[in-house]
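**Q** Just dropping this structure here.
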Amino acid sequence: MSDTGSVVIETDQGFIHSAGIQLAKFAGIAIAGLAAFIYLLWIIAGDAGSTTSGNAIDVENNSITIALREEPPQLDANRATDASSLVVLAHVMEGLLGYDIDSQLVPGVAERYEIRADGATFWLREDAFWSDGVPVTAKDFVFSWKRVVNPETASQYAFILYPIKNAEAINSGELPVETLGVRAVSDRVLEVEFERPTPYFDKLVAYLTYFPVREDFFNSTEGRYGADADMLLYNGAYLLTEWVHGSTMRWVKNPSYWNRENKGFLDEIRTAYITQDINAKLNLFKDGQIVDTHLLSPMLPTAMEQRWPIDRSMDGSVFYLEFNHRNDRITRNKNLRRALQLAQDSNELVYKVLKEPSYLPGVSLFPAWLTGVSESFQKEYPPVRHQMNVEKAREHLELARQELGLDEFPPLMMLAGDTPISLLAAEYYQQLFRKNLGLEFRIDVQIFKQRLEKMRQGEFDIVLSGWGPDYNDVLTYGDLFSSWNLQNRGRYNSSEMDSWIRIAQSELDPQKRMDAFGEIQRLLYEDVVILPMYERGFSFVVDSRLQDFRRRSVGPEVDYNYAYIDSSSD
Amino acid sequence: MSELSASSFEPIEAHQQTQVISRPSLSYWQDAWIRLKANKRALVSLYIVIGLLLFTAAGPLVWQIDPAIQDIDQISQPPGTDRGATIVADYEPWFGTPGLPGSGLRLAESANSQAVRMQWDALPGANGHRVYRNLFPVGSELAYGIPLAEYLNNDTLYFEDRLDLQPGRFYYSVVALDARGQITDQYQSLTVELERVTTLQEALERGLIETGDSVQIGDEIKLAWHPLGTDYLGRDLLARLMAGARVSLFIGIGAPFLFVLFGVVYGSAAGFMGGRADQLMMRFADFVVALPFLLFMILFKIAFGIGPGESGVFPMLVAMVVLLWPATARLVRGQILQIREQGYISASQLLGANTSYLIMRHMIPNTLGVVLVTVTFAIPSAIFTEAFLSFIGMGVAPPTPSWGSMSNEGIKTMLTTPHELFFPALFISFTVLAFNLLGDGLRDALDARMRNVE
Numbered sequence: 000m001s002d003t004g005s006v007v008i009e010t011d012q013g014f015i016h017s018a019g020i021q022l023a024k025f026a027g028i029a030i031a032g033l034a035a036f037i038y039l040l041w042i043i044a045g046d047a048g049s050t051t052s053g054n055a056i057d058v059e060n061n062s063i064t065i066a067l068r069e070e071p072p073q074l075d076a077n078r079a080t081d082a083s084s085l086v087v088l089a090h091v092m093e094g095l096l097g098y099d100i101d102s103q104l105v106p107g108v109a110e111r112y113e114i115r116a117d118g119a120t121f122w123l124r125e126d127a128f129w130s131d132g133v134p135v136t137a138k139d140f141v142f143s144w145k146r147v148v149n150p151e152t153a154s155q156y157a158f159i160l161y162p163i164k165n166a167e168a169i170n171s172g173e174l175p176v177e178t179l180g181v182r183a184v185s186d187r188v189l190e191v192e193f194e195r196p197t198p199y200f201d202k203l204v205a206y207l208t209y210f211p212v213r214e215d216f217f218n219s220t221e222g223r224y225g226a227d228a229d230m231l232l233y234n235g236a237y238l239l240t241e242w243v244h245g246s247t248m249r250w251v252k253n254p255s256y257w258n259r260e261n262k263g264f265l266d267e268i269r270t271a272y273i274t275q276d277i278n279a280k281l282n283l284f285k286d287g288q289i290v291d292t293h294l295l296s297p298m299l300p301t302a303m304e305q306r307w308p309i310d311r312s313m314d315g316s317v318f319y320l321e322f323n324h325r326n327d328r329i330t331r332n333k334n335l336r337r338a339l340q341l342a343q344d345s346n347e348l349v350y351k352v353l354k355e356p357s358y359l360p361g362v363s364l365f366p367a368w369l370t371g372v373s374e375s376f377q378k379e380y381p382p383v384r385h386q387m388n389v390e391k392a393r394e395h396l397e398l399a400r401q402e403l404g405l406d407e408f409p410p411l412m413m414l415a416g417d418t419p420i421s422l423l424a425a426e427y428y429q430q431l432f433r434k435n436l437g438l439e440f441r442i443d444v445q446i447f448k449q450r451l452e453k454m455r456q457g458e459f460d461i462v463l464s465g466w467g468p469d470y471n472d473v474l475t476y477g478d479l480f481s482s483w484n485l486q487n488r489g490r491y492n493s494s495e496m497d498s499w500i501r502i503a504q505s506e507l508d509p510q511k512r513m514d515a516f517g518e519i520q521r522l523l524y525e526d527v528v529i530l531p532m533y534e535r536g537f538s539f540v541v542d543s544r545l546q547d548f549r550r551r552s553v554g555p556e557v558d559y560n561y562a563y564i565d566s567s568s569d
Numbered sequence: 000m001s002e003l004s005a006s007s008f009e010p011i012e013a014h015q016q017t018q019v020i021s022r023p024s025l026s027y028w029q030d031a032w033i034r035l036k037a038n039k040r041a042l043v044s045l046y047i048v049i050g051l052l053l054f055t056a057a058g059p060l061v062w063q064i065d066p067a068i069q070d071i072d073q074i075s076q077p078p079g080t081d082r083g084a085t086i087v088a089d090y091e092p093w094f095g096t097p098g099l100p101g102s103g104l105r106l107a108e109s110a111n112s113q114a115v116r117m118q119w120d121a122l123p124g125a126n127g128h129r130v131y132r133n134l135f136p137v138g139s140e141l142a143y144g145i146p147l148a149e150y151l152n153n154d155t156l157y158f159e160d161r162l163d164l165q166p167g168r169f170y171y172s173v174v175a176l177d178a179r180g181q182i183t184d185q186y187q188s189l190t191v192e193l194e195r196v197t198t199l200q201e202a203l204e205r206g207l208i209e210t211g212d213s214v215q216i217g218d219e220i221k222l223a224w225h226p227l228g229t230d231y232l233g234r235d236l237l238a239r240l241m242a243g244a245r246v247s248l249f250i251g252i253g254a255p256f257l258f259v260l261f262g263v264v265y266g267s268a269a270g271f272m273g274g275r276a277d278q279l280m281m282r283f284a285d286f287v288v289a290l291p292f293l294l295f296m297i298l299f300k301i302a303f304g305i306g307p308g309e310s311g312v313f314p315m316l317v318a319m320v321v322l323l324w325p326a327t328a329r330l331v332r333g334q335i336l337q338i339r340e341q342g343y344i345s346a347s348q349l350l351g352a353n354t355s356y357l358i359m360r361h362m363i364p365n366t367l368g369v370v371l372v373t374v375t376f377a378i379p380s381a382i383f384t385e386a387f388l389s390f391i392g393m394g395v396a397p398p399t400p401s402w403g404s405m406s407n408e409g410i411k412t413m414l415t416t417p418h419e420l421f422f423p424a425l426f427i428s429f430t431v432l433a434f435n436l437l438g439d440g441l442r443d444a445l446d447a448r449m450r451n452v453e
């Protein structure tokens, strides 16, 4: 019995042995095969990669590839609000006036214009055509503007047309659309009547909400205007010929554009990537897949190591801490606001905490790039040189405590956006005010839309907020804190401020008008309406072969209208 | 035949044992402890866990640094950075020094980490200037580095750099701009060595010197010591790790312990009772599984009246306990149903064992293996859940740290300052590994079926 048993075991072991060898052979073959297969794939992929890599600039076809921050929701200029729509529309459409390469206001569809106290006249050029060959006429502007103020359109930017007579009343439904103070005297002449004197109207018409829309084409799209490449008529330097939603766009040179000698030198611009991921964009740029990208401070050592030519631009916007001045908030107390003002220093925030080389420490609501009467506004009206003074801040805090009748300050609510910079600044201020004043702040982090909603409802004591310019005039910031402006989220209300803003809006003498802005700036500091944090800028890199690419503070954030390829500077 | 004497009738002395028991009689727990001790990996893990608990509980008593304090002079410093700093006068704004001797791009004052003040003469043909800073020499490809400032006219011929000045060498360049504000090939450069400085007021404020100390301008002092470096706001990483451990371990151990305990009780009750009660209880468990975690987390947060900016750690704990127990309950119920039918249960019932004896002696030890596996998997997942919820703003509120939120912050600067990610990630990994290995060892030690396997 035991003998047979051992024999069985022996054969068993023999079987296992041979099976093991067999298995090992199979495994060896499988691994070798897999390795060969992967190698093959790698070769194929390498080939494919070499044909696509470095195609940011195609010298032969005179085309470039770019990345968009996000996909435009739609391209209806009358209703567009976001930066990406602005970028696309600024290349494929043109308004009455536009900006040249050095950001100076130049004629667009209008060849000349005249602004009076009660209105304006625009004379349109004869050689401005829509992409279907029909001339752009004054009627197209009349139709477009009436559409913007029509409450049914629900354009969020309707307010920018309020200088036009009856626009505000029409938009709030009090008057019929026909009463809007604009009419086409002929195909070539556009007459505008003002609600109040608007000396900066020329700067307004360069904004995309004022772009023309042709009525017969609009009606033929049956409500899908701007939803697709063929649902839009173009009159800009480029034509949008292809729009694959969620992935790519193709802009090609507009052959019938009137100003093609100065604008639109590239045959094709492809927006092959839609990404907000700045690291992904950096890698795309590194691989030569896109022509430009902006850089955040942690990426700068890499950029320096790669020896890239780094450029800078201001994006025009100003960021500040905005107080809630509503009656149920303790931030309505001026001494408390003064205490907070004295306990901080925007230099430290920018130079030591944010560390962005293109940011400027905030000194005023009016950023450094704005022009006053003849030169920089900040030079003509220097903002108060703020000095941090913790002792004085504590005195004001004590005064505030007595005035408010509090034993102890309750925790304050600090509303912040969810961007890295916003979070960083919020955490910095939280600890700064705790250390210097002993005030506790709770940080309420919200996504952009939710933050705007909470600001609208006034659910904050302090909010980290900002404002970007819509047009190239001081007033784009100047009327922010008027009692009637809905963007005045803290509901700051001062009759003195209101009276200065009224003057700034309607005064025709540039000197008196700028003086009013100077007073607004003084009042903003003295009443501590806001605490300026920083003026935002960008460090960016561009492929050295692409010339005359611009990043702008007013208008599209990236502008390829004037860009051309210089293959010699490779 | 021998003679019988009186002595023959004396009782025999009680002497040596007739039978030797080969093993000492050990209780269940003693035996488990012996076997755990024999398991090296488990033992080391146990020490690590004890060490972590000490780190959390006693650490802040030893290292008494407020984790919220921001040392703005030492932002994102890796461990072991030189801390020497020279005292200089307080910062005063500077607008160029008229009539500064020398030519070309030159320093107006000796450069230090407070400010680098430079001045230059208008470059030939320049309509303005742009100032750059680089970590590397400009070189032949004219890589100037980071543009720091731009002047579109020749009125301003000075620049003061205060941006993130760290000790080391910088290469400054000033480049001429053409009429359109574009850079040209005209440039001058300057190499600057920076030393770290601080002011008396800053030193006093940060507690580096006492009010009575006779420290003067020019003296060298040491900046605050941060053994593990600092984070992106200059906060001490060691103090933050200790504070973060409190949150992470509270959630990471507290939540799994509570929901596993509840799951065990619930599951064993269901399994033991069986029948209709079992059916009802398990269908209820299925219902709980279907509830969305995130939604309940938000609901609890509101129900507890926790506003934005306040710590949501407690509702997180409640949400985890309320929603995550069914997995354990199901496992334990299955085990109990199985064990209930085993022969040794019937045997001990025949021998007169009562219910509590059965549960304590047979049921629980036999399910412990499964339960411990659940716990060891639940701890890391709870730590990660906490990290995720803190990231989306549902967990800890700044400035309170947790390991998860620290990792999320550290990953943003992973390439430039890896230590901000490395340390919290290291602690998470060690904790998770230690609990896993310890759980593994405990399962082997506590498993009644493995008792006789040597």
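Going down the list, the sequences are from chains A and B.
Residue numbering for the first sequence follows numbering that gives the first Met the number 0, starting at 0 and increasing by one per position.
Residue numbering for the second sequence follows numbering that gives the first Met the number 0, starting at 0 and increasing by one per position.
Note that CB positions come from ideal geometry on N, CA and C, so glycine has one too.
Excluding five sequence neighbours on each side, which residues of the same chain lie with their C-beta closer than 8 Å to the C-beta of aspartate 81 (chain B)?
**A** Contacts found: Pro166, Arg195.
**Q** If we require 4 or more residues per run, which alpha helix (DSSP H) segments fall completely within the segment 256-293 of chain A?
**A** DSSP runs (the alpha helix (DSSP H)) wholly in the segment 256-293 of chain A: 277-285.
**Q** So glutamine 187 (chain B) is in the beta strand (DSSP E); what residue range does that whole segment cover?
**A** It spans 182-193 - the beta strand (DSSP E) in which glutamine 187 (chain B) sits, taken as one unbroken run.
**Q** Is it buried or exposed, threonine 418 (chain A), if we count other Cβ atoms within 10 angstroms and call 16 or more buried?
**A** Per the 10 Å Cβ criterion, exposed.
**Q** How should aspartate 126 (chain A) be labelled, buried or exposed, when 16 other C-beta atoms within 10 angstroms of its C-beta is the threshold for buried?
**A** With fewer than 16 other Cβ atoms within 10 Å, it is exposed.
**Q** Just mark alanine 132 (chain A) as buried or exposed, buried being the case when its beta carbon has 16 or more other beta carbons within 10 Å.
**A** Correcting the residue type first, residue 132 (chain A) is glycine in the shown sequence and not alanine. With fewer than 16 other Cβ atoms within 10 Å, it is exposed.
**Q** Give the interface partners of glutamine 69 (chain B) over in chain A, defined as CB-CB distance under 9 Å, in chain order.
**A** The answer, in chain order, is Val352, Glu426, Tyr427, Gln430, Leu431, Lys434.
**Q** Take tryptophan 241 (chain A) and list the residues in its own chain whose beta-carbon comes closer than 8 Å to its own, dropping the five residues that flank it on each side.
**A** It should be noted that the sequence gives glutamate, not tryptophan, for residue 241 (chain A). So the list reads Ala228, Thr247, Met248, Arg249, once near-sequence residues are dropped.
**Q** Cβ of serine 267 (chain B) within 9 Å of Cβ of isoleucine 335 (chain B)?
**A** Yes. Within cutoff.
**Q** What runs of the alpha helix (DSSP H), each 4 residues or longer, lie entirely inside the segment 386-431 of chain B?
**A** Correct list: 402-409.
**Q** With a cut-off of 9 Å, does the C-beta of aspartate 569 (chain A) fall near any C-beta of chain B?
**A** Residue placement at aspartate 569 (chain A) cannot be trusted, given a pLDDT of 48 that sits under 50; the coordinates are not used to answer.
**Q** Consult DSSP for isoleucine 65 (chain A) and reduce its assignment to one of helix, strand or coil.
**A** The answer is strand: DSSP assigns isoleucine 65 (chain A) an E or B state.
**Q** Quick one: is alanine 88 (chain B) buried, meaning 16 or more other Cβ sit within 10 Å of its Cβ, or exposed?
**A** That one is exposed.
**Q** Would you please verify whether the beta carbon of valine 58 (chain A) is less than 9 Å from any beta carbon of chain B?
**A** With 9 Å as the cut-off, valine 58 (chain A) does not count as an interface residue toward chain B.
**Q** At a CB-CB cut-off below 8 Å, which residues of chain A make contact with glycine 144 (chain B)?
**A** Going along chain A in sequence order, the residues near glycine 144 (chain B) (Cβ under 8 Å) are Met303, Ile309.
**Q** Could you give the C-beta distance for valine 320 (chain B) and phenylalanine 261 (chain B), rounded to a whole number, given that I count them as a contact under 8 Å?
**A** About 7 Å separates the two Cβ atoms, so the contact holds.
**Q** Looking at chain B, is there any beta carbon in it that lies within less than 9 Å of the beta carbon of isoleucine 329 (chain A)?
**A** It does not: the Cβ of isoleucine 329 (chain A) has no partner Cβ on chain B nearer than 9 Å.
**Q** Any beta-carbon of chain A closer than 9 Å to the one on asparagine 133 (chain B)?
**A** Yes, contact with chain A.
**Q** Who are the near neighbours of aspartate 327 (chain A) in its chain, counting only those whose CB is closer than 8 Å to its CB and skipping five residues on each side?
**A** Counting only Cβ-Cβ distances below 8 Å, and skipping sequence neighbours, we find nothing.
**Q** I'd like to know if glutamine 445 (chain A) contacts chain B, where contact means its C-beta is closer than 9 Å to some C-beta of that chain.
**A** Taking Cβ atoms only, chain B reaches closer than 9 Å to glutamine 445 (chain A), which makes this a yes.
**Q** Determine which residues of the segment 224-237 of chain B have a Cβ less than 9 Å from any Cβ of chain A, and write them out in chain order.
**A** From the segment 224-237 of chain B, only Tyr231, Leu232, Gly233, Arg234 have a Cβ closer than 9 Å to chain A.
**Q** When you compare each of A:Asp508, A:Glu452, A:Asn334 to glutamate 397 (chain A) by their alpha carbons, which one comes out closest?
**A** Of the listed residues, the one whose Cα sits closest to glutamate 397 (chain A) is A:Asn334.
**Q** So that I know if they touch, is there some Cβ in chain A lying closer than 9 Å to that of alanine 396 (chain B)?
**A** Closer than 9 Å to some Cβ of chain A, the Cβ of alanine 396 (chain B) qualifies, so yes.
**Q** Count the other CB atoms, across all protein chains shown, that sit within 10 Å of the CB of glycine 118 (chain A); report buried if there are 16 or more and exposed otherwise.
**A** Glycine 118 (chain A) comes out buried.
**Q** Starting from alanine 415 (chain A), trace the beta strand (DSSP E) in both directions and tell me its first and last residue.
**A** Unbroken beta strand (DSSP E) run through alanine 415 (chain A): 411-416.
**Q** Spatial neighbours of lysine 202 (chain A) within its chain, please: CB distance less than 7 Å, with the 5 preceding and 5 following residues excluded, ordered by chain position.
**A** Closer than 7 Å at the Cβ level, and outside the excluded window around lysine 202 (chain A), lie Leu104, Tyr470, Asn471, Asp472.
**Q** Valine 137 (chain B): which of A:Ser375, A:Arg306, A:Ile37 sits nearest, CA to CA?
**A** Valine 137 (chain B) has its Cα closest to that of A:Arg306, out of A:Ser375, A:Arg306, A:Ile37.
**Q** Which bits of chain B does leucine 423 (chain A) rub up against, with CB to CB less than 9 Å?
**A** Chain B residues near leucine 423 (chain A): Tyr231, Leu232.
**Q** Could you pull out every residue in the same chain whose Cβ sits closer than 6 Å to the Cβ of leucine 441 (chain B), ignoring the five residues on either side in sequence?
**A** Closer than 6 Å at the Cβ level, and outside the excluded window around leucine 441 (chain B), lie Leu371.
**Q** Helix, strand or coil for histidine 90 (chain A), going by three-state DSSP, please let me know.
**A** Residue state, collapsed to three classes: helix.
**Q** What span of residues does the beta strand (DSSP E) with tyrosine 46 (chain B) cover, start to end?
**A** Not the beta strand (DSSP E): tyrosine 46 (chain B) falls in the alpha helix (DSSP H), residues 39-56.
**Q** Alpha carbon to alpha carbon, how far is arginine 455 (chain A) from tyrosine 98 (chain A)? Give it in angstroms, no decimals.
**A** Roughly 33 Å between the two C-alpha positions.
**Q** Between glycine 438 (chain B) and chain A, is the shortest Cβ-Cβ distance under 9 Å, so that the two count as touching?
**A** With 9 Å as the cut-off, glycine 438 (chain B) does not count as an interface residue toward chain A.
**Q** In whole angstroms, give me the CA-to-CA distance for glycine 368 (chain B) and leucine 45 (chain B).
**A** Their backbone Cα atoms lie some 17 Å apart in a straight line.
**Q** By alpha-carbon positions, which one of B:Gln200, B:Lys221, B:Gly217 ends up nearest to glycine 211 (chain B)?
**A** For the residues B:Gln200, B:Lys221, B:Gly217, the minimum Cα distance to glycine 211 (chain B) belongs to B:Gln200.
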